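Engineer: Sequential numbering of the first sequence, starting at 77, is according to my numbering. All C-beta atoms in this analysis are idealised placements derived from N, C-alpha and C, irrespective of residue type, glycine included. Keep in mind that this is a model prediction, so the values were computed, not measured.
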Amino acid sequence: MYDIEIGSRLLSDTPERVDDFRAYCERSHRYRASDDTRTFALEKAYWSLHGALEFQASEDDSRQRIVDLEMHLLAVLSRMEAYGVAFDRGKLRQIGSEIRERVRTLETEIFELVGEQFNINSTKQLQHILYDRLGFPASKKTKTGRSVDTEVLSELSKHYAVVGLILEHRTLRKLLTTYVEGLDKSVNPKTTRIHTTYRQLGAATGRMSSESPNLQNIPAWDELSDRIKSCFIASGHDRRIMVADYSQVELRLLANLSEDEALCRAFEGGEDIHMRTAKLLFWEHITITPDMRRMAKGVNFGVIYGITGYGLSKMTGTTPAEASRSIETFYARYPRVREYYDALLENARRTGYVATVFGRRRYLPTIRDANRMIRERTEREAINMPIQGSNADIIKYAMVELSSQFHEHGIDARMIMQVHDELVFDVASQAVERTAVIVRDVMEGVYRARIPLIVEIGIGEDWHAAKA
DNA sequence: ACAATGGTCC
DNA sequence: ACTCGGACCATTGTA
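(1) By how many angstroms is the C-alpha of S323 removed from the C-alpha of S389?
(2) With DSSP as the reference, please indicate the residues paired to T273 in a beta bridge.
(3) Rounded to whole angstroms, what is the Cα-Cα separation between T113 and M284?
(4) K390 by DSSP, collapsed to three states: which one?
(5) What is the rounded straight-line gap between the Cα of L149 and the Cα of S230?
(6) Taking the alpha helix (DSSP H) that F187 belongs to, which residues open and close that run?
(7) On the criterion of 16 or more Cβ atoms from any shown chain inside 10 Å, does W297 qualify as buried, or is it exposed?
(8) Which stretch, first to last residue, makes up the beta strand (DSSP E) that contains S323?
(9) How would you write the range of the alpha helix (DSSP H) that L150 sits in, first residue to last?
(10) Indicate whether the contact test is met: 3 or more Cβ pairs, each with one atom in the stretch 306 to 316 and one in the stretch 153 to 173, closer than 8 Å.
(11) How big is the Cα-Cα spacing for L202 and A354?
(12) Classify N197 as buried or exposed, calling it buried when 16 or more other Cβ atoms lie within 10 Å of its own Cβ.
(13) Can you round the beta-carbon distance between V503 and A474 to whole angstroms, since I take them to be within the 8 Å contact cut?
(14) Whose C-beta lies closer than 7 Å to the C-beta of E477 among residues of the same chain, with five residues either side of it excluded?
(15) Please confirm whether Q140 and R437 have their CB atoms less than 8 Å apart.
(16) Could you spell out the range, first to last residue, of the alpha helix (DSSP H) harbouring V518?
(17) Is the CB-CB distance between V500 and W539 below 8 Å?
(18) I need the boundaries of the beta strand (DSSP E) containing D502, first residue and last residue.
(19) What residues in its chain sit with their C-beta under 7 Å from that of E81, if we drop five residues either side in the sequence?
(20) In the structure shown, what three-state DSSP assignment does G282 receive?
(21) Go ahead and label P552 buried or exposed: buried means 16 or more other beta carbons lie within 10 angstroms of its beta carbon, across all protein chains shown.
(22) Pull up the distance between the alpha-carbon of F343 and that of I527, whole angstroms please.
(23) In whole angstroms, what is the alpha-carbon distance linking E244 and K216?
(24) Does DSSP classify E244 as helix, strand or coil?
(25) Run the CB neighbour count on D237, radius 10 Å, all protein chains shown included, and call it buried at 16 or more, exposed below.
(26) Classify V532 as helix, strand or coil using the three-state DSSP reduction.
(27) Leaving out the 5 sequence neighbours to the left and right, which residues in its chain are closer than 6 Å to T115 when beta-carbon positions are compared?
(28) Do the stretch 174 to 190 and the stretch 239 to 258 make contact, defined as three or more Cβ pairs closer than 8 Å?
(29) Would you report the Cα separation of D418 and G172, rounded to the nearest angstrom?
(30) Which residue comes first and which comes last in the alpha helix (DSSP H) that contains A354?
(31) I'd like to know if the stretch 441 to 454 and the stretch 363 to 381 are in contact, where contact means that at least 3 CB-CB pairs between them fall below 8 Å.
(32) In the DSSP assignment, find the unbroken alpha helix (DSSP H) run with Q203 in it and report its ends.
(33) For M493, list the residues DSSP reports as bridge partners.
(34) Reducing DSSP to helix, strand and coil, say where H540 ends up.
(35) So V430 is in the alpha helix (DSSP H); what residue range does that whole segment cover?
(36) Based on the DSSP secondary-structure assignment, which residues constitute the bridge partners of N264?
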């Protein structure tokens with residue numbers, strides 16, 4: 077028996093859990109502890125968190141709350157990492173062969189059309205082929221030359237068929253190297269599962285990050301991505317994957333933080349929030365087209381990031397002027413949002429920091445910088461942090477609470493992944509119903525406000541099936 | 001080893 | 001002129 081005090085709490089009391097801590101220490105702090113130095117490793121993990129927390133929880137009433145949260149989460153994460161995610165390697169390799177075959181075909185076609193062979197993955201060689209050999213017009217520049225990113229290539233592909241093939245080739249190569257081959261290498265041969273490492277304070281806002289492999293940027297938007305996700309499976313035939321994600325959490329938080337009446341009502345009406353904003357932005361139109369809804373969705377997200385008209389226009393494909401008008405209209409329809417941001421920035425300039433609903437802080441020393449670019453960037457960081465950070469606090473708190481409730485109720489369910497506003501569980505089939513009730517109650521219950529958080533739950537044999 | 005470029009996620 | 005918040009990773013090419 078070991079008694080390890082982490083923070084102010086006694087968190088572990090069995091050898092198994094201490095080993096979990098040690099695994100966590102080794103994985104996340106690049107420190108390899110021998111058996112007789114486990115106490116030292118634990119202290120190191122503790123102090124590492126403690127040091128990072130100095131920046132996010134300096135002396136005030138909220139400090140202990142954040143420290144407690146992170147120290148409890150440390151144990152939860154160590155168990156998630158050690159347990160890992162079951163993975164269907166055979167299925168992944170099948171997908172890999174199919175992609176490889178298509179990539180080969182594309183390369184043949186591209187070389188045929190271009191009239192010579194070259195390395196399509198090389199930015200430098202691609203620039204030379206497109207702009208010098210073929211004489212296509214270059215539109216955007218990078219620091220060192222003429223850009224060949226997706227935006228530029230999409231425009232060119234309207235006129236030149238070969239560019240469309242190059243775009244497809246690039247997408248498939250990305251999928252193949254980063255995801256298919258990357259995930260294949262990440263399968264631990266001993267456990268046959270994938271064990272990521274979470275950086276608990278990986279982002280300045282309080283969010284976590286995931287590395288080796290990063291399970292927080294697995295593709296999600298097309299059929300091939302769905303197939304890759306379907307390789308993440310339940311750990312037995314009598315088990316299921318359960319996905320629980322917060323619906324529109326950042327906009328709901330904005331509604332609560334700003335107390336804007338129209339934004340609150342938009343949620344209380346139960347209507348699709350992007351459609352609701354579209355109707356407010358384009359009130360003079362009888363029908364809302366998909367383009368209008370896309371614009372509204374862009375504005376809704378953009379406002380959370382402290383958007384500029386220029387940035388929004390890049391995202392939605394409209395002109396900067398039209399994008400700026402939409403942003404102005406957004407603030408006119410949701411006036412308290414602008415007031416909230418004005419007050420937030422004023423406060424940040426005065427105190428030097430912004431904070432989440434839990435009191436987690438981000439210090440912004442450049443909020444009064446003489447350089448306008450730096451100052452405005454800092455203002456956008458200030459606007460984004462309370463929303464992104466509160467989201468992080470809330471889901472972290474839910475993770476700690478869920479872990480403890482599973483234990484308390486003897487539920488055969490394991491938390492296996494976190495993707496910012498989504499939790500994934502590996503659950504015994506017979507426990508699925510009870511687990512779903514607990515998951516929803518806890519996730520929705522950890523934060524209460526006028527506009528409540530809504531959790532959507534899906535169940536399936538794999539990660540994709542559970543989300544569908 | 002490292003910078004630059006590009007791409008994936010929330 | 002103007003590059004929207006927060007991350008991680010692969011590849012190429014230069015050092």
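Structural biologist: If we stick to the structure as given:
(1) Counting from 1 along the first sequence, the entry for residue 389 is found at position 313. Counting from 1 along the first sequence, the entry for residue 323 is found at position 247. Cα-Cα distance, rounded: 26 Å.
(2) In the first sequence, the residue the question calls residue 273 occupies position 197. E287.
(3) Numbered from 1 along the first sequence, position 37 holds the residue referred to as residue 113. Numbered from 1 along the first sequence, position 208 holds the residue referred to as residue 284. Its pLDDT being 40, under 50, T113 is placed unreliably by the model, and nothing is read from it.
(4) Here residue 390 refers to the residue found at position 314 when the first sequence is read from its first residue. If DSSP states are grouped into helix, strand and coil, K390 belongs with the helices.
(5) Within the first sequence, the letter at position 73 stands for residue 149. Within the first sequence, the letter at position 154 stands for residue 230. Rounded to whole angstroms, L149 to S230 spans 43 Å at the Cα level.
(6) For the purposes of this step, residue 187 is taken as the residue at position 111 of the first sequence. It spans 165 to 190 - the alpha helix (DSSP H) in which F187 sits, taken as one unbroken run.
(7) Stepping through the first sequence from its first residue, residue 297 is reached at position 221. Its Cβ having fewer than 16 others within 10 Å, W297 is exposed.
(8) Here residue 323 is taken as the residue at index 247 of the first sequence, counted from 1. Taken as a continuous stretch (DSSP letters only), the beta strand (DSSP E) holding S323 covers 315 to 323.
(9) Position 74 of the first sequence holds residue 150. If you look at L150, you'll find it in the alpha helix (DSSP H) that goes 139 to 159.
(10) yes
(11) Numbered from 1 along the first sequence, position 126 holds the residue referred to as residue 202. Numbered from 1 along the first sequence, position 278 holds the residue referred to as residue 354. The alpha-carbon atoms of L202 and A354 are separated by roughly 40 Å.
(12) Start at 1 with the first residue of the first sequence, and residue 197 comes out as number 121. The residue is exposed, with fewer than 16 neighbouring Cβ atoms inside 10 Å.
(13) As a working mapping, residue 503 is identified with position 427 in the first sequence. As a working mapping, residue 474 is identified with position 398 in the first sequence. So it is not a contact: roughly 16 Å between Cβ atoms.
(14) As a position in the first sequence, residue 477 is number 401, starting the count at 1. So the list reads V518, V522, once near-sequence residues are dropped.
(15) What you label residue 140 is simply residue 64 of the first sequence in a count that begins at 1. What you label residue 437 is simply residue 361 of the first sequence in a count that begins at 1. No.
(16) Counting from 1 along the first sequence, the entry for residue 518 is found at position 442. Where V518 is concerned, the enclosing alpha helix (DSSP H) stretches over 508 to 521.
(17) For the purposes of this step, residue 500 is taken as residue 424 along the first sequence, with counting starting at 1. For the purposes of this step, residue 539 is taken as residue 463 along the first sequence, with counting starting at 1. In contact: V500 and W539 (Cβ atoms closer than 8 Å).
(18) Residue 502 sits at position 426 when you count from the first residue of the first sequence. It spans 498 to 504 - the beta strand (DSSP E) in which D502 sits, taken as one unbroken run.
(19) Within the first sequence, numbered from 1, the residue matching residue 81 stands at position 5. Confidence at E81 is low in this model, with a pLDDT of 39, below 50, so the placement of that residue is unreliable and no value is reported for it.
(20) If you number the first sequence from 1, residue 282 lands on position 206. Of the three classes helix, strand and coil, the one that applies to G282 here is coil, per DSSP.
(21) Limits of the chain in this structure are 77 at one end and 544 at the other, which puts residue 552 out of reach.
(22) Along the first sequence, one-based indexing puts residue 343 at 267. Along the first sequence, one-based indexing puts residue 527 at 451. Taking the CA atoms as reference points, F343 sits about 7 Å from I527.
(23) On the first sequence, residue 244 is found 168 positions in, with the first residue counted as 1. On the first sequence, residue 216 is found 140 positions in, with the first residue counted as 1. Rounded to the nearest angstrom, the two C-alpha atoms are 20 Å apart.
(24) As a working mapping, residue 244 is identified with position 168 in the first sequence. Three-state DSSP puts E244 in a helix.
(25) The count along the first sequence starts at 1 and reaches residue 237 at position 161. Residue identity differs from the one stated: residue 237 is Ala in this sequence, not Asp. The residue in question, A237, is exposed, as its Cβ has fewer than 16 Cβ neighbours within 10 Å.
(26) Counting from one through the first sequence, the residue named residue 532 turns up at place 456. With the sequence shown as reference, residue 532 is identified as Glu, and Val is not the correct amino acid for it. Looking at E532 - three-state DSSP - the assignment turns out to be strand.
(27) As a working note, residue 115 is residue 39 in the first sequence. With a pLDDT of 48 at T115, under the threshold of 50, the modelled position of that residue is not reliable, and no figure is offered here.
(28) yes
(29) The residue labelled residue 418 in the question sits at position 342 within the first sequence. The residue labelled residue 172 in the question sits at position 96 within the first sequence. Distance between the alpha carbons of D418 and G172 is about 50 Å.
(30) The residue given as residue 354 occupies position 278 in the first sequence. Run containing A354: 349 to 357, per the alpha helix (DSSP H) assignment.
(31) no
(32) In the first sequence, the residue the question calls residue 203 occupies position 127. Unbroken alpha helix (DSSP H) run through Q203: 199 to 203.
(33) Here residue 493 corresponds to residue number 417 of the first sequence, with the count starting at 1. Paired residue(s): V500.
(34) The sequence position of residue 540 within the first sequence is 464, counting from 1. The answer is helix: DSSP assigns H540 an H, G or I state.
(35) Sequence index remark: in the first sequence, residue 430 carries index 354 (1-based). Counting along the chain, V430 falls outside any alpha helix (DSSP H), though it belongs to the beta strand (DSSP E) covering 429 to 431.
(36) In the first sequence, the residue the question calls residue 264 occupies position 188. Beta-bridge pairing links N264 to R269.
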